[in-house]
Structures are given as C-alpha cells and as structure tokens.
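In our numbering, the protein residues as written are 9 to 485.
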C-alpha cells in the first residue's frame, strides 16, 4: 500500500523516535535510584516488574495484592492511592506519595497513570532522587521510551501507537507474540495487511475517519494469528492531545474477542432453536384444543376463546423472540406500537381506520411482550363482543406516554353500545389482565366506565418494558 495516506514518506522506528517532541504529551519524571516502573491494577492486585518487587521487598506472587501494597504507603497518602486504584476518579493522575521500601526506609515516589475502564489503571512509579526530589520536564528520550514499553508489554492486550498523521511506529510485545510477524514489519501501513481481506476496506475507512475528525476509533475485525487462522479482535484507539488541543499521538489497543464471539454465536443458535420449538408447541396446543372442542361440542365456544388467546401469545412470541436475519419477520426493533399492531391486525376495524395507535413508542423485550399481548388481546376481544368494535361506528384509540421512570398505556373506546356501569362480576379475562399488569409488569390496571365507553389505563415502571437499554420515539399509526 502507498504511504501517501499519511501525507508523506514512511519513516523508520528509529527516525520516528528521533523527533524531539514528547510523543505522549506528558511530563516525564527524573529517573534516579529506583528507575521507572510500570503498574496496572486488576481486581486482584498490581502487576509490576521484578525490579519494583525487589525494591519494595516482595518476592511472590506475580501480582502484589492491593491491600499489601497499601500497607507500604504512608497513612496520610493511603486514601488517595486507594481511590485511584479503585477507579474512583476516571481522569489521569500525577502525584507524590511515600512508600516503605525493602530496607525499611521511607522513600518518595511519583505515581502517574490513566484509568482504562472502571477497574484498570496503567502508569508508572518513579522513585525521586535522594539529592533532588523535584520533578523535571524531559523530552521522550530512550530511557523514558523504555518505561512506556515496559508498561505496554505488561498489559494483556496488544498495544500500538501512531504519529498524528496515523503512521504506525510502535507495537508492544503482545502484538508480535499474537501475530508472529518480525518486529517492524507492520510499521506504517503494514498493519492492514494483517486483517482478513473482507475486513481491510472497512478498517481503512473507519481509521481514516478517525484521523480526519479526531473521533475515537473502534471496530471489530479478524486479525491473522501466528497459527495462520483469523481471530476476531476488538480494536480501539484514542487521540492524545496537547494543551492547545492538537493531536500529538494516537494510542490504541487490540483485544482478542474470538472466544467471546464464538460463545455468543452458539448462544444465539440455541436461543433460535428454543424459540422455534416453542413456536411449534403453540401450534400443537392449538391443534389439541381444536380437537378437544370438536369432541365436546358444548365446550366449542370455550375452545375457540382459548385458541384465540394462544394465537395472540404466539404472535407476540414470534415478534419478540430471537431471530436470524433470515427468520426475522420485520425490520427494526420490537416496540409497544409494533406489538399492538400485530395483536390487533386480525380485526377489520384496524383496516377501516377505527383503531388508532399514537403517542410515544417504547422498545419492549420478550418478558414484557407476553403480558402486553395478553392485555391487548383481552381488551380487543371484549371490545368486539360487548364494546366499541361490536358497532359499525365504534372506535378504539390506543395512546402511550412514557417518561424516564413510568410508562402508561390508555385504551379508550367510543361509539359503541351504551355503558350502564361497572360489571358486577369480574370475568376470567379481567383477572388475567390484572395478573399480567401486577405480577409480570410490576404495574397496575384501572377501568373507568363512562357513558361513551370504557377507558382502561395500564401503567408500569419503565424498567419493566426493557431489561437492557431503552429507545423512545414518537410516531402515529
């Protein structure tokens, strides 16, 4: 590939390191007695070099438990160190602390780092000079570069870095271990040749967009492993800016997610198979009910009602169940309005425009789809038998309104037979709706009997509709 993507000829790693600017945009501490040491927190402890463990008097294990490390910190500094290692402050940090070293003396150190996620930190510890405990600003010379390389090599991810124009000039040891390529062979634009051919154009497009806009880079692609197979990797990068906001460096990571992708694909396959079997069970139940109804004519009406309820649940399940691209019966996500249209589709009033659906739409998952399908089916059935849909001029308006905490669905009937008042006895359908609203949606349902028709209010917490993220949109139907 041509290097003109980066606006100039390629440079070697040595030439790139010869640039006098600090490529990481931070002040470097003066290396003295103990040198520069990497550390990175995990839930278990600090991952440090053997030299730092020796300086602090630790010989085993490979990770220093955080509680043991904190015991070496001066009591006055302990709270600050603990907060940073716990991820309480997500910004970068740079401060001095006092540590008890192996010989029993108390020495000043500089702790500098940046948080990567909620519980991961990457940075350096620098012991200050015994003769001069002041920090000095230095260029990124070879000594400090080795400090960064030690940090990057200690991380479990592939780490890479580029110049502001996107020229790749650094990879950590994990990259070379994973890919098996000779050091330096993927500098410049050589990295893209390591991707699966089907992913290369997409990766270039995403990377060039980040270079042009400064936006974070994030993409999943297949990277060639040293075994010859292509493994799925999550690539991420962020721009490092100076005080004026100019990009001085790009720092990136690659995380092997191949096993996670394979596990997710297997779970999706099992989910689709389970959903397919459930759909078949609905069909079998329908057949059994129909057969029983024919053998017992006196129960035929009950059998038809039960079949209608089962069919309603089947339509709701088919809408909300996991699908592949081939089996998906619709485009877009499942929402309250799309579910209502599916349940009410068999009624002629839907085609006549006498059933309207309006208000704020909200996404629903499979757990919420079932109780809403039962409620809507019962309301439509009652309206057809006794209410607005039993009259030629009768209308039903379904209106939804949702905010950050609550969602409300209002079913309003008009133009039907005169309503004389609340029924004396609650039927099975009413009890079914109450159970669906209260037990499954953690909400409530209320009926208002007016002279124009019945008004039913269903309300529930927003969290009952979608267990993960929620999407709200306004549209009329």
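By construction, the Cβ of each residue, glycine as well, lies at the ideal position given by its N, Cα and C atoms.
Per-residue burial, residue i [other beta carbons within 10 Å of its own, 16 or more giving buried]
i: residue 345; result: buried
i: residue 172; result: buried
i: residue 419; result: buried
i: residue 288; result: exposed
i: residue 471; result: exposed
i: residue 305; result: exposed
i: residue 114; result: exposed
i: residue 362; result: buried
i: residue 457; result: exposed
i: residue 84; result: exposed
i: residue 41; result: Legend: pLDDT at residue 41 = 32, less than 50; position of this residue unreliable, value from coordinates given subsequently. Residue 41 is exposed by the Cβ-count criterion.
i: residue 365; result: buried
i: residue 187; result: buried
i: residue 5; result: Missing from the structure shown is residue 5; the chain here goes from 9 to 485 and no further.
i: residue 217; result: exposed
i: residue 429; result: exposed
i: residue 170; result: buried
i: residue 235; result: exposed
i: residue 165; result: buried
i: residue 408; result: buried
i: residue 112; result: exposed
i: residue 135; result: buried
i: residue 493; result: Coverage of the chain is limited to positions 9 through 485, which leaves residue 493 absent and any answer about it impossible.
Distance between residue j and residue i (C-alpha atoms, nearest Å)
i: residue 190; j: residue 184; result: 7 Å
i: residue 205; j: residue 94; result: 41 Å
i: residue 438; j: residue 444; result: 10 Å
i: residue 473; j: residue 416; result: 11 Å
i: residue 358; j: residue 275; result: 38 Å
i: residue 121; j: residue 133; result: 9 Å
i: residue 81; j: residue 241; result: 38 Å
i: residue 230; j: residue 255; result: 28 Å
i: residue 272; j: residue 225; result: 23 Å
i: residue 118; j: residue 176; result: 30 Å
i: residue 385; j: residue 269; result: 39 Å
i: residue 220; j: residue 213; result: 11 Å
i: residue 194; j: residue 233; result: 14 Å
i: residue 469; j: residue 342; result: 18 Å
i: residue 459; j: residue 227; result: 60 Å
i: residue 72; j: residue 200; result: 38 Å
i: residue 90; j: residue 163; result: 21 Å
i: residue 167; j: residue 174; result: 15 Å
i: residue 160; j: residue 412; result: 42 Å
i: residue 74; j: residue 182; result: 25 Å
i: residue 426; j: residue 316; result: 26 Å
i: residue 405; j: residue 350; result: 15 Å
i: residue 455; j: residue 375; result: 24 Å
Residue i, DSSP secondary structure in three states
i: residue 114; result: strand
i: residue 73; result: strand
i: residue 202; result: helix
i: residue 403; result: strand
i: residue 437; result: helix
i: residue 178; result: strand
i: residue 251; result: coil
i: residue 414; result: strand
i: residue 294; result: helix
i: residue 101; result: strand
i: residue 89; result: helix
i: residue 275; result: helix
i: residue 163; result: coil
i: residue 301; result: helix
i: residue 386; result: helix
i: residue 268; result: helix
i: residue 377; result: helix
i: residue 450; result: coil
i: residue 6; result: Look at the range of the chain in this structure, 9 to 485, and you will see that residue 6 is not part of it.
i: residue 473; result: coil
i: residue 136; result: coil
Beta-carbon gap between residue i and residue j smaller than 8 Å
i: residue 424; j: residue 399; result: yes
i: residue 318; j: residue 292; result: no
i: residue 110; j: residue 64; result: yes
i: residue 296; j: residue 379; result: no
i: residue 245; j: residue 260; result: yes
i: residue 467; j: residue 414; result: yes
i: residue 402; j: residue 421; result: yes
i: residue 461; j: residue 395; result: yes
i: residue 298; j: residue 309; result: no
Whole-number beta carbon distance between residue j and residue i, since they are thought to touch under 8 Å
i: residue 88; j: residue 103; result: 7 Å
i: residue 381; j: residue 347; result: 7 Å
i: residue 239; j: residue 207; result: Not confirmed; about 12 Å, so no contact.
i: residue 410; j: residue 370; result: 5 Å
Check: residue i C-beta below 7 Å from any heavy atom of the ligand ADP
i: residue 342; result: In terms of ligand content, the structure shown is empty, and the ligand ADP therefore cannot be addressed.
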